[in-house]
Amino acid sequence: DGGITQSPKYLFRKEGQNVTLSCEQNLNHDAMYWYRQDPGQGLRLIYYSQIVNDFQKGDIAEGYSVSREKKESFPLTVTSAQKNPTAFYLCASKDRGYGLDQPQHFGDGTRLSIL
Amino acid sequence: AQSVTQPDIHITVSEGASLELRCNYSYGATPYLFWYVQSPGQGLQLLLKYFSGDTLVQGIKGFEAEFKRSQSSFNLRKPSVHWSDAAEYFCAVLKGYGGATNKLIFGTGTLLAVQP
Numbered sequence: 104d105g106g107i108t109q110s111p112k113y114l115f116r117k118e119g120q121n122v123t124l125s126c127e128q129n130l131n132h133d134a135m136y137w138y139r140q141d142p143g144q145g146l147r148l149i150y151y152s153q154i155v156n157d158f159q160k161g162d163i164a165e166g167y168s169v170s171r172e173k174k175e176s177f178p179l180t181v182t183s184a185q186k187n188p189t190a191f192y193l194c195a196s197k198d199r200g201y202g203l204d205q206p207q208h209f210g211d212g213t214r215l216s217i218l
Numbered sequence: 004a005q006s007v008t009q010p011d012i013h014i015t016v017s018e019g020a021s022l023e024l025r026c027n028y029s030y031g032a033t034p035y036l037f038w039y040v041q042s043p044g045q046g047l048q049l050l051l052k053y054f055s056g057d058t059l060v061q062g063i064k065g066f067e068a069e070f071k072r073s074q075s076s077f078n079l080r081k082p083s084v085h086w087s088d089a090a091e092y093f094c095a096v097l098k099g100y101g102g103a104t105n106k107l108i109f110g111t112g113t114l115l116a117v118q119p
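Residue numbers (the numbering used here), protein chains in the order written: chain A, 104 to 218; chain B, 4 to 119.
Written out as structure tokens, the structure reads:
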């Protein structure tokens, strides 16, 4: 079955470390997205990519970085510059970035915690 | 700026009772609206969407939503709630038309508890 796979499900990080969250999709979707979810704040967009080798900052990109070298993969790196990284991270994809009539499909998320 | 407001942070209903979750949006043009559901520790699943046409849209799991332009609302309803409906529900509006600026703006969510 097609879908979005996020790994790991739980991730622990020490202060000052960079960590990379994996997101892989086999839906052949062009567009991919990373969201951060905190209690009571809904989802906030970190980065998004409409096509391979291209990506744009979302609303809260500081302290994060991404790459889009392959259509199916959109890894997110949480750097040591992100001062409050503890959150639930969700990856999503959509068939075409410019399509208005397509929903985003979501992975099951990665919960990142600071030790 | 586009925004979505879900006034109710937490709602509790009895199993079998009807449900209405409120969503208000702020958008200058015709909005593209979505409702998603999230079970604990999981991603979001699309319940339904509205783009144009009939203002009453049907979704999965017996949910429906009504778009009311005059009230800037897109409330989610279900006539009879099941215990498995306990989850968090998010309303979202699509920001931007075409190009590379299409982004979903989410509300803060409503957590639904179902009493036996």
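Quick reminder that beta carbons are idealized off the backbone N, C-alpha and C, glycines included. Computed from a predicted structure; not experimentally measured.
Item to check | Cross-strand partners of Val40/B (DSSP beta bridge) | outcome: Against the second sequence, residue 40/B aligns to sequence position 37. Answer is Gln48/B, Tyr92/B.
Item to check | Among Ser110/A, Gly105/A, Asn131/A, the one whose alpha carbon lies nearest that of Thr180/A | outcome: Working through the first sequence from its first residue, we reach residue 180/A at position 77. Residue Ser110/A is the option with its Cα nearest to Thr180/A.
Next on the checklist: Measuring CB atoms only, is the stretch 66-80 of chain B touching the stretch 15-26 of chain B, in the sense that at least three cross pairs come out at less than 8 Å?
Outcome noted: With the cut-off at 8 Å, the stretch 66-80 of chain B and the stretch 15-26 of chain B touch.
Item to check | Beta carbon of Leu114/A nearer than 8 Å to that of Thr213/A | outcome: The count along the first sequence starts at 1 and reaches residue 114/A at position 11. The count along the first sequence starts at 1 and reaches residue 213/A at position 110. With respect to Thr213/A, Leu114/A sits close: the two C-beta atoms are nearer than 8 Å.
Next on the checklist: Looking at the secondary structure, which residues open and close the beta strand (DSSP E) in which Val60/B lies?
Outcome noted: In the second sequence, the residue the question calls residue 60/B occupies position 57. According to the DSSP assignment, Val60/B belongs to the beta strand (DSSP E) that extends over 59-61.
Item to check | Test item: CB-CB of Ala219/A and Leu215/A under 8 Å | outcome: Outside the displayed span of chain A (104 to 218) sits residue 219/A, for which this structure offers no information.
Checklist entry - Under 8 Å between C-beta atoms, does Asp211/A make it to chain B? => result By 1-based counting over the first sequence, the position of residue 211/A is 108. Yes, Asp211/A counts as interfacial toward chain B.
Checklist entry - If you measure from the beta carbon of Gln144/A to each beta carbon in chain B, is any gap under 8 Å? => result The residue labelled residue 144/A in the question sits at position 41 within the first sequence. The beta carbon of Gln144/A falls within 8 Å of a beta carbon belonging to chain B, placing the residue at that interface.
Next on the checklist: On the criterion of 16 or more Cβ atoms from any shown chain inside 10 Å, does Asp88/B qualify as buried, or is it exposed?
Outcome noted: The residue labelled residue 88/B in the question sits at position 85 within the second sequence. So Asp88/B counts as buried.
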